[in-house]
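Here's the structure we're looking at; comments come further down.
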Amino acid sequence: MTHPKDHLLSWLRDAHAAEEQAITMLSNLSRRIENYPELKARIEQHITETRRQSERVRECLQRHGSDASTLKDTGTKLMGLGQALSGIFTSDEVMKGILASYTFEHMEIASYKMLAAAARRLGDPETARVCEEILQEELAMAKWLEDRLEQLTDKFLDLTAEGSATAKH
Ligand code: MG
Ligand code: FE
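According to our numbering, the sequence shown is numbered sequentially starting from 381.
Spelled out as structure tokens, the structure:
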């Protein structure tokens, strides 16, 4: 029988794997951006936050005598790499990257809300607190992107119209 706590631990391992995937994905994205300095800076900031998030989720697992699954992390890291690379050969790779990041943040938002609720219910207030704090960083990143979708699209189309070869990143 699967116990409620098994789900909490399994979701924490998923969250940890997602953070590791995010580090790969965001690093590859940021490295290629040249003409969108504000976007690049915000992504760099979120990479720093993401490294810490991964660490904090790992600590939650360790408090339960569990650990992050290295196998899962390696698999998802490769997936993240594939995803990050999938947009590179398009003429709108920066827009594809923004779309992927915005989608990813929302997956994280749902995941940390579920984790916080489960941790609270299962009598692990420390994990609930950690997940709620991480949630705030994911919400802030999603909002930053959302607030700039129009502006970034304009800039991309301006650069494209100028015939700039670097519009794409
Ligand atoms: Mg995250
Ligand atoms: Fe995030």
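Ideal placement from N, C-alpha and C gives every residue a C-beta, glycine not left out. Note that the structure is predicted; figures quoted are calculated from it, not measured.
Our contact map puts residue i next to residue j with C-beta atoms below 8 Å; I'd like the distance itself, whole angstroms only.
{"i": "residue 400", "j": "residue 434", "result": "6 Å"}
{"i": "residue 522", "j": "residue 482", "result": "6 Å"}
{"i": "residue 511", "j": "residue 496", "result": "4 Å"}
{"i": "residue 508", "j": "residue 499", "result": "4 Å"}
{"i": "residue 429", "j": "residue 517", "result": "5 Å"}
{"i": "residue 388", "j": "residue 502", "result": "6 Å"}
{"i": "residue 407", "j": "residue 420", "result": "No, residue 407 and residue 420 are not in contact; Cβ-Cβ is about 11 Å, not under 8 Å."}
{"i": "residue 546", "j": "residue 418", "result": "With a Cβ gap of about 16 Å, residue 546 and residue 418 do not count as contacting."}
{"i": "residue 525", "j": "residue 485", "result": "7 Å"}
For a test of your reading of the model: does the CB of residue i fall under 7 Å from any non-hydrogen atom of the ligand FE? Yes or no.
{"i": "residue 426", "result": "yes"}
{"i": "residue 430", "result": "yes"}
{"i": "residue 381", "result": "no"}
{"i": "residue 494", "result": "no"}
{"i": "residue 521", "result": "yes"}
{"i": "residue 485", "result": "yes"}
Does the beta carbon of residue i fall short of 7 Å from some heavy atom of the ligand MG?
{"i": "residue 402", "result": "yes"}
{"i": "residue 435", "result": "no"}
{"i": "residue 423", "result": "no"}
{"i": "residue 478", "result": "no"}
{"i": "residue 489", "result": "no"}
{"i": "residue 518", "result": "yes"}
{"i": "residue 418", "result": "no"}
{"i": "residue 399", "result": "yes"}
{"i": "residue 514", "result": "yes"}
Flag this pair as yes or no: are the beta carbons of residue i and residue j separated by less than 8 Å?
{"i": "residue 416", "j": "residue 515", "result": "no"}
{"i": "residue 548", "j": "residue 471", "result": "yes"}
{"i": "residue 456", "j": "residue 397", "result": "yes"}
{"i": "residue 437", "j": "residue 395", "result": "yes"}
For residue i, count the other beta carbons within 10 Å of its own beta carbon; 16 or more makes it buried, fewer makes it exposed. Which is it?
{"i": "residue 473", "result": "buried"}
{"i": "residue 405", "result": "buried"}
{"i": "residue 538", "result": "exposed"}
{"i": "residue 487", "result": "exposed"}
{"i": "residue 402", "result": "buried"}
{"i": "residue 475", "result": "buried"}
{"i": "residue 504", "result": "buried"}
{"i": "residue 477", "result": "buried"}
Would you say residue i lies against chain D (beta-carbon separation less than 8 Å)?
{"i": "residue 408", "result": "In summary, chain D is missing from the structure at hand, where a single protein chain is found."}
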